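In the working numbering, the protein residues as written are 13 to 196.
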């Protein structure tokens with residue numbers, strides 16, 4: 013699994029074969045197929061592991077963190093993860109046919125998006141149920157953050173720290189537009 017994730021972080025799934033994974037893992041092709049019946053199953057398992065790791069990183073908070081510090085930590089974790097796994101991240105969120113355009117891949121993306129949304133709601137200390145305008149605004153920001161990071165990975169014309177800061181500023185601007193503020 014680690015070999016597959018490592019290769020997918022360097023190249024898109026269409027450029028990684030089962031033979032590549034087997035060689036990188038020091039295993040036979042037959043052994044890889046024994047554990048993962050198809051190339052798609054191997055990628056799905058690798059993506060599932062990557063999504064779980066991203067969710068874990070996003071959810072890390074330190075005791076005493078303010079809501080803004082939690083947001084900063086989560087945004088940093090998201091951008092760092094995307095950078096470390098750039099080819100796979102681009103292929104997954106960019107809708108690569110090799111990952112599949114729906115099904116399990118889409119479910120994994122939605123699961124991570126839901127985690128980000130829930131962390132935002134928690135950080136903003138929103139009452140439940142969340143106001144529909146706040147919900148829509150936060151979900152729009154999640155989509156914009158994904159798109160912004162994909163653009164940054166493609167062009168690499170900004171420092172990572174600047175990307176992270178802009179994502180937080182943009183969230184603040186969206187919240188201000190609906191009469192909310194980022195809690196300090």
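Beta carbons are placed, not taken as given, at the ideal position from N, Cα and C, and that holds for glycine. In this text the structure is predicted, and so the values were computed from the model without any measurement.
For residue i, three-class secondary structure by DSSP
i	result
residue 68	helix
residue 110	Low local confidence applies: a pLDDT of 48 at residue 110 is under 50, so the model's placement there is unreliable, and no value is given.
residue 48	coil
residue 74	coil
residue 128	helix
residue 168	coil
residue 180	helix
residue 86	helix
residue 142	coil
Cβ-based neighbour list, residue i, same chain, cut-off 6 Å, excluding 5 preceding and 5 following
i	result
residue 56	116
residue 37	15
Proximity of residue i and residue j at Cβ, strictly below 8 Å
i	j	result
residue 41	residue 27	no
residue 164	residue 146	no
residue 86	residue 70	yes
residue 66	residue 102	no
Counted within 10 angstroms of its Cβ, other Cβ atoms place residue i as buried (16 or more) or exposed
i	result
residue 25	buried
residue 88	buried
Close Cβ partners of residue i (< 7 Å) along its chain, the five nearest in sequence each way excluded
i	result
residue 91	161, 172, 175, 176
Any C-beta of chain B under 8 Å from that of residue i
i	result
residue 67	Reference to chain B is not applicable here, since this structure consists of a single protein chain.
Neighbourhood of residue i by C-beta distance below 8 Å, restricted to the same chain and skipping five residues each side
i	result
residue 196	78, 79, 80
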